[in-house]
Amino acid sequence: MRKIILASASPWRKELLKRAGISFLVEVSGYDEDMRKRISPKTLARNLALEKARAVAVRHSNALIVAADTLAIFRGRVIGKPTNLSEAKKILGQLSGNCHSLITGFAIVDTGTGKIVTRAMETKVWFRKLSRREIDRYVKTREPLTVAGGYAIQGGGSSFANRIDGDFYNIVGLPLAVVVEELRKFGVGI
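The sequence shown begins at 4 in the working numbering and counts up one residue at a time.
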């Protein structure tokens, strides 16, 4: 049986694949993301995922490499992971009471055949109005520094959204049902 390798350091993506009953190894790609490219957010997310997968694929001859990248989009602007606590507060303040999108691009690379699949999924999220105190308390946990958009909906940011349109797991970082569907097309028995 071919190895499946998750090219990600994300503990959330790892947990989601486990929940789906998929046996896999983890190998972080080390790909240096360049989010300055002037392309659509969906194309950017797919491209970043593909580059992560390719960075790992070169080290394996007969494996399926799964990689993903999640971007937050607010008022047409891409928001990655905040680089410091001040930026995290600013982002959460902007998202407070507003709608934004999370786009996760994923790639599956079959190193045996060279076949590649990339997809991008979008989920819209509406935040209720957050108080400064809530934002300050959450930012002190440092969790916002680990995720695109500055919040983990499955973690400390779980009470922020009052409406979601789309796949919840896409917000977490991997549109699991779609990934499983694609893996089956590669012959993975799930």
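Glycine included, each C-beta is placed from N, C-alpha and C at the ideal position.
Would you decide whether residue i is buried or exposed? Buried here means 16 or more other CB atoms lie within 10 Å of its CB.
i	result
Asp72	buried
Glu184	exposed
Ser32	buried
Glu118	The question names Glu, yet the displayed sequence has Lys at residue 118. Per the 10 Å Cβ criterion, exposed.
Ser26	exposed
Arg122	buried
Lys21	exposed
Asn173	buried
Asn50	buried
Pro14	exposed
Arg16	buried
With a Cβ-Cβ cutoff of 8 Å, do residue i and residue j count as a contact?
i	j	result
Ile1	Ile106	Shown here, the chain extends from 4 to 193; a query on residue 1 therefore has no answer.
Ala52	Gly108	yes
Leu194	Phe130	Look at the range of the chain in this structure, 4 to 193, and you will see that residue 194 is not part of it.
Val81	Ile7	no
Val175	Ile156	yes
Ala10	Ala48	no
Phe171	Leu133	no
Tyr34	Ala58	yes
Based on the DSSP secondary-structure assignment, which residues constitute the bridge partners of residue i?
i	result
His103	Val128
Ala110	Ala70 and Thr121
Lys6	Ala66
Val29	Leu9
Phe77	Arg80
Ala164	Phe130
For residue i, I'd like the list of residues in its chain whose CB is within less than 6 Å of its CB, leaving aside the five on either flank, ordered along the chain.
i	result
Ser104	Ile76, Glu125 and Lys127
His63	Thr114
Gly152	Ala75 and Ile82
Glu146	Ala155, Gly158 and Gly159
Tyr141	Gly159
Ile167	Val128
Below 7 Å CB to CB, which residues in the same chain sit around residue i once its five sequence neighbours on both sides are set aside?
i	result
Leu148	Lys84, Pro85 and Ala91
Val150	Lys84
Ile138	Lys92, Leu95 and Gly96
Ala60	Ile68, Val112 and Thr114
Val181	Arg122 and Met124
Glu54	Tyr34
Leu19	Tyr172, Val175, Leu177 and Leu179
Using C-beta distances below 8 Å, list every residue in its chain close to residue i, excluding the 5 sequence neighbours before and after it, in chain order.
i	result
Leu67	Arg5, Lys6, Ile7, Ile8, Ile111, Val112, Asp113, Thr114, Leu186, Phe189 and Val191
Asn165	Trp129, Phe130 and Arg131
Thr144	Gly159
Leu28	Lys6, Ile7, Ile8 and Leu9
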